[in-house]
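Trainee:
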Amino acid sequence: MARKRVRRSYQAREQSQTSVDNSLWSQPMYCSNENDNDCTHSETLTRVGWPFIHYFGLEDLFYKYGVDVEIWAHEHSYERLWPIYDYKVLNGSYEKPYVNPKAPVHLVTGSAGCKEGREPFLDKIPEWSAYHSQDYGYTRMKAHNKTHLYFEQVSDDQNGDIIDSFWIIKDNHGSYSTSEIVVTWSTKDDTKSSVVEYGIESFQLSEKGSSTHFVDGGAGKHSQFVHRVVLKNLEPSTKYTYHCGSPQGWSSAFWFRTPPKDQENWSPRLAIFGDMGNENAQSLSRLQQDTQSDMYDAIIHVGDFAYDMNSENSEVGDEFMRQVESIAGYVPYMTCAGNHEEAYNFSNYRARFSMPGGNENLFFSFNLGPVHFIS
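Each residue of the sequence shown is one higher than the last, beginning at 30 in my numbering.
#1: Would you report the Cα separation of Y179 and I100, rounded to the nearest angstrom?
#2: In three-state DSSP terms, what is N390?
#3: I'd like to know whether the C-beta atoms of T168 and L136 end up nearer to each other than 8 Å.
#4: According to DSSP, is T241 part of a helix, a strand, or is it coil?
#5: Applying the 10 Å Cβ sphere with the 16-neighbour rule, what's the burial state of I229?
#6: What residue range does the beta strand (DSSP E) around S162 cover?
#7: Compare the C-alpha of W295 against each of G278, D326 and K221 and name the closest.
#8: Does the structure place the segment 330-342 close enough to the segment 364-378 that three or more beta carbon pairs sit under 8 Å?
#9: Are the segment 277-297 and the segment 119-135 touching, with three or more C-beta to C-beta distances below 8 Å?
#10: Short of 6 Å in beta carbon distance, which residues of its chain neighbour A310, apart from the five on each side in sequence? Order them along the chain.
#11: Taking Cβ positions, are V211 and C273 nearer each other than 8 Å?
#12: Does the count of Cβ pairs from the segment 353-367 and the segment 386-396 closer than 8 Å reach three?
#13: Would you call E63 buried or exposed, if buried means 16 or more other Cβ atoms sit within 10 Å of its Cβ?
#14: Kindly give me the distance between the Cβ atoms of D319 and A300, rounded to whole angstroms, as I take these residues to be in contact under 8 Å.
#15: From the DSSP output, in three-state form, read off H135 for me.
#16: Taking the alpha carbon of V244 as the point to measure from, which residue in D219, S275 and S312 has its own alpha carbon closest?
#17: By Cβ distance, which residues of its chain are closer than 6 Å to W157, with the 5 residues on each side in sequence left out?
#18: So, with DSSP's three-state summary, where would you put E88?
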């Protein structure tokens, strides 16, 4: 049986949105990069919507409903903004800008590493930009409780040093809970069954799922079978070992930890990044080490995978999934689509990942501890 690419993701209660063309929404609302096609002009689609009619703009919506943090990628760099709305800085106070900020805080974290290299910044940085760096790296987030979020930026160029860190402190927004885990893998051939064997000390439990036949849209019509199994009724605060496959063959053994029962007082830890390809994936080895050292409770990849998953009749996508297996096999790998996923109507992205909801991974939300994430 062909080697499996194993991924895991949270399955939770979700709130879906009406589907629109996702390729329009991959660019950040704000950034200081030297790229006037994206976010260095005031009429970005993500911010105000379609030109002239201002339909489908997201900034007013996020501001109205009190979104705390917006995490973007696409630009191959790292940037932290002051709390901002309509190009106005709305700090909580002069001394403590991120304590009860009066607008969302924007992070751009697209520097994990890809074949397109780094994005330069403007010579004159706008006043709403608090910090920026071209270093390769990724972002860590820890939700200490319902009111305190901590972020830090890891620099791969500087051997894992923290080059930026900050707290966001805001009033309670309520707590949420995680319910299920989805295990996803793929095989070249149809194995007739999709099974995950798992348990606390051995593979004493078993759950069956289903598979779908995916055919890439390229000339080679590269095909594979993508398997999904949902694990339910898991014990809280428990380390499970598992493998996946069928009587025809099994994957290597992996493990994962479940969230605690009392999520209201839990502090989940996350790694967040975008724009990581299978070439020049500068941050990958450090992320692998962090993950298998049990440093994270979830990963969020905010768009632009493999560069691109459909390239070379989707063989680039296959190679990328093998690379991230050493991360996604141990911790939920939550994803957002970017412009590099749009080929063949996002078919590779929609087929290879398993996010909550009924919108084929394009629009969803999930809960982790005291934090509600919306993609």
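Idealized CB from N, CA, C, for every residue including glycine.
The model shown is predicted, which means the values in this text are computed figures rather than measured ones.
Mentor: Taking the coordinates as given:
#1: 14 Å
#2: coil
#3: yes
#4: strand
#5: exposed
#6: S158 to S162
#7: D326
#8: yes
#9: no
#10: G142
#11: no
#12: yes
#13: exposed
#14: 7 Å
#15: strand
#16: D219
#17: L110, W111, I113 and V118
#18: helix
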